[in-house]
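Mind the numbering: the sequence shown is residues 4 to 259 in the numbering used here, read in order.
Below is one structure, written out as structure tokens; comments come after it.
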Amino acid sequence: MAALELDLFLCRTDNFGVLVHDPESGMTASIDAPEEQPILDALERRGWKLTHILTTHHHGDHVAANDALKKRFGVTIIGPLNEATKIPGLDKAVRHGEHFDFAGRSVEVIETPGHTAGHICFHFTEDKLLFAADTLFALGCGRLFEGTPETMWQSLGRLAALPDDTTVYFGHEYTLSNAHFAVTIDPANSELKARAAEIEETRCDGGFTAPTTIGLEKRTNPFLRAADPAIRAHLGMQNASDAAVFAEIRKRKDNF
């Protein structure tokens with residue numbers, strides 16, 4: 004089986020667009036549909052035809068181009084069952100633990116409520132690819148618009164349980180700001196400080212910070228490290244629950 008080909012680009016102001024293409028079948032999926040024109044430009048640049056949209060959640064900056072792309076290409080739109088009435092053009096609603104086929108590959112649905120109540124991530128199991136949208140960012144996580152800290156902590160735990168070498172694509176280029184914040188929470192983490200310096204250089208050069216990996220996030224992303232003794236000591240929360248430590252980190256980021 005030929006390797007999947009991926010194309011990463013910016014939509015809107017800071018949304019990532021991602022196309023996933025199978026060279027054998029010609030099938031091409033857009034992970035969410037933030038904006039029509041950048042997706043069309045990427046398809047034209049690569050010579051691909053869009054066949055699917057994999058929708059992670061209902062926010063407008065992730066579904067804005069669903070209807071236009073469906074009208075243009077007749078795509079199949081797959082999205083979260085728990086937000087089915089909010090996803091424009093939805094054809095197939097999927098739930099946690101379900102698997103569906105894309106170009107002969109198994110795609111696992113991982114429900115990650117917190118950012119929204121029905122947010123899902125798409126895990127291409129054989130390819131070790133995770134599309135985490137607005138649940139897990141490089142050095143960050145999504146704001147809790149429709150969920151509690153406890154719910155989001157559990158959701159992040161589902162993603163952290165994936166193999167360390169899983170490649171992660173995420174929804175927004177927030178990484179520089181996330182890095183500046185992360186070092187205030189985990190100041191003794193030498194790998195984090197080195198990563199923050201690399202991110203600064205990458206963004207100064209106009210490069211993207213996606214993708215990342217589960218292993219790298221577990222070592223440097225404070226939102227996955229609520230159990231770490233150094234972070235707990237720094238926050239003065241040695242005896243708190245993991246969810247409480249996570250909640251404090253999220254509150255500080257909201258006010259950063």
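The C-beta atom is built at its ideal place from N, Cα and C for all residues, glycine as well.
Every value quoted in this text rests on a predicted model; they were computed, and no experiment measured them.
Anyone know if the C-beta pair for residue i and residue j falls short of 7 Å?
i, j, result
"Val171", "Ala135", "yes"
"Pro225", "Ile202", "no"
"Asn69", "His175", "no"
"His126", "Leu133", "yes"
"Arg342", "Thr223", "Because the chain in this structure spans residues 4 to 259, residue 342 falls outside the shown range and cannot be described."
"Lys131", "Thr169", "yes"
"Ile90", "Gly77", "no"
"Ala106", "Asp25", "yes"
"Thr154", "Gly209", "no"
"His102", "Glu86", "no"
"Ser33", "Ile42", "yes"
"Glu114", "Ala71", "no"
"Leu159", "Leu227", "yes"
"Asp35", "Thr59", "yes"
"Leu13", "Val23", "no"
"Ala246", "Trp156", "yes"
"Tyr177", "Gly145", "no"
According to DSSP, residue i sits in a beta bridge with which residue or residues?
i, result
"Ser33", "Leu22 and Ile56"
"Phe127", "Val110 and Leu132"
"Phe12", "Gly20"
"Leu139", "Cys144"
What did DSSP end up calling residue i once you bin it into helix, strand or coil?
i, result
"His62", "coil"
"Val78", "coil"
"Gly283", "Given a span of 4 to 259 for the chain in the structure shown, any question on residue 283 remains unanswerable."
"His257", "According to the sequence provided, residue 257 is Asp. The question's His does not apply to it. Asp257 falls in the helix class under three-state DSSP."
"Asp44", "helix"
"Leu219", "helix"
"His237", "helix"
"Ala250", "helix"
"Asn69", "helix"
"Glu153", "helix"
"Glu39", "helix"
"Asp245", "helix"
"Pro232", "helix"
"Pro225", "helix"
Rounded to the nearest angstrom, how far is the Cβ of residue i from that of residue j, given a contact under 8 Å?
i, j, result
"Leu162", "Ile217", "7 Å"
"Met30", "His55", "7 Å"
"Ala141", "Ala229", "In fact, because the Cβ distance is near 18 Å, the residues do not count as touching under 8 Å."
"Pro152", "Ala67", "Actually they do not touch by this definition, with Cβ atoms about 29 Å apart."
"Asp10", "Ala45", "5 Å"
"Phe259", "Phe184", "5 Å"
"Lys74", "Ile80", "Actually they are not in contact, since the Cβ atoms of Lys74 and Ile80 sit about 12 Å apart, beyond 8 Å."
"Glu129", "Arg98", "21 Å between Cβ atoms; not a contact."
"Leu147", "Arg48", "So it is not a contact: roughly 36 Å between Cβ atoms."
Return yes when at least one heavy atom of the ligand GDP lies under 6 Å from the C-beta of residue i, else no.
i, result
"Leu22", "Among the components of this structure there are no ligands whatsoever, and the ligand GDP is therefore not found."
**3-residue-minimum beta strand (DSSP E) runs that sit fully inside the segment 156-215, ordered along the chain** = Listed in chain order, the complete beta strand (DSSP E) runs (minimum 3 residues) inside the segment 156-215 are 170-173.
**Every unbroken beta strand (DSSP E) within the segment 81-106, with a cutoff of 3 residues, ordered by chain** = Entirely contained in the segment 81-106, the beta strand (DSSP E) runs reaching 3 residues are, in chain order, 95-97 and 102-105.
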